[in-house]
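Asks:
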Amino acid sequence: MEAQNLSEPVRERTAAAKTAATRSEQVRRVMSKWLRHLESLVSRSATPSREERGPLPTRRQRRQQGGSDYAPAADARPPVQGSSQERRT
């Protein structure tokens, strides 16, 4: 009889622990979704919009500025200054 009396609180505590674990897992999932959402908002606001950047230069404008006919790649570096002889040594 006493064993049954002791096992009931243990079952209740086990059920409460499972409920708490489930809730904390749900909270963790929701918080990670919110974090991703907020990160996307922050990165979007840190990048200037198309209107803020203004129109892209035309090929003629790029050529007049000493650039190529084609738009540079996003990760392109400016060309190294100096003669070709200096670059070889």
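The opening position of the sequence shown corresponds to residue 1 in full-length UniProt numbering, with each subsequent residue numbered one higher. Ideal Cβ placement from N, Cα and C applies to all residues, glycine included.
1. For the alpha helix (DSSP H) containing residue 65, name the first residue and the last one.
2. Please report how far the alpha carbon of residue 12 lies from the alpha carbon of residue 18, in whole angstroms.
3. Distance, Cα to Cα, residue 39 vs residue 46?
4. Between residue 7 and residue 21, what straight-line distance do the alpha-carbon atoms span, to the nearest angstrom?
Replies: From the atom records:
1. Residue mapping note: residue 65 aligns to position 65 of the sequence shown, counting from 1. It is not in any alpha helix (DSSP H) - residue 65 carries neither H nor E in the DSSP assignment.
2. Translated into the one-based positions of the sequence shown, residue 12 becomes position 12. Translated into the one-based positions of the sequence shown, residue 18 becomes position 18. CA-CA distance, residue 12 to residue 18, rounds to 10 Å.
3. The residue given as residue 39 occupies position 39 in the sequence shown. The residue given as residue 46 occupies position 46 in the sequence shown. Taking the straight line joining both Cα atoms gives about 10 Å.
4. Locating residue 7 in the sequence shown gives position 7, where the first residue counts as 1. Locating residue 21 in the sequence shown gives position 21, where the first residue counts as 1. Rounded to whole angstroms, residue 7 to residue 21 spans 21 Å at the Cα level.
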